[in-house]
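Student: My questions all concern the structure below.
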């Protein structure tokens, strides 16, 4: 089962740090008594289990609802680019895995340019 599918179905995913190469490997483990696997990158056996961040999965409808809630926009309407950047990062975080990061960065850059152009036109 692919990792994304496992995450969506609430199956346990464990992360291990390889003491040899320093990279992190994620594993779907169905039984807690299974021994730690080998590193996916170097095959090393010296792995340390990490405490992973918790992922809360929401339906697409709930995510859209959160993103379009004006109370979460903060200073977005003030034209403050920092506020806009924070909001775009939140959008990226909510849409993680579904939106290409480069595509999101391009959209952000275009939006910033549009805001700057609007400010110039207003002067």
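Numbering (the working numbering), first residue to last: 3 to 125.
Backbone N, C-alpha and C fix where the C-beta goes; we use that ideal spot for every residue, glycine too.
Predicted model only: the values in this text are computed from it and were never measured.
Closer than 8 Å is the cut-off here; do at least three beta carbon pairs connect the region 37-55 with the region 14-28?
Tutor: Verdict: yes, contact present.
Student: According to DSSP, is residue 73 helix, strand or coil?
Tutor: Of the three classes helix, strand and coil, the one that applies to residue 73 here is helix, per DSSP.
Student: Is residue 66 helix, strand or coil by DSSP?
Tutor: Here residue 66 sits in helix by DSSP.
Student: Using DSSP with H/G/I as helix, E/B as strand and the rest coil, what is residue 21?
Tutor: Three-state result, residue 21: coil.
Student: For residue 50, list the residues DSSP reports as bridge partners.
Tutor: Note: residue 50 sits in a beta bridge opposite 19.
Student: Can you give me the C-alpha to C-alpha distance between residue 72 and residue 115, rounded to a whole angstrom?
Tutor: If you take the alpha carbons of residue 72 and residue 115, they lie about 23 Å apart.
Student: Run the CB neighbour count on residue 20, radius 10 Å, all protein chains shown included, and call it buried at 16 or more, exposed below.
Tutor: So residue 20 ends up on the buried side.
Student: Taking C-alpha atoms, which residue in 104, 53, 93 lies nearest to residue 70?
Tutor: Closest by alpha carbon: 93.
Student: Let me check one thing: in DSSP terms, what residues is residue 28 bridge-paired to?
Tutor: Bridge partners of residue 28: 17.
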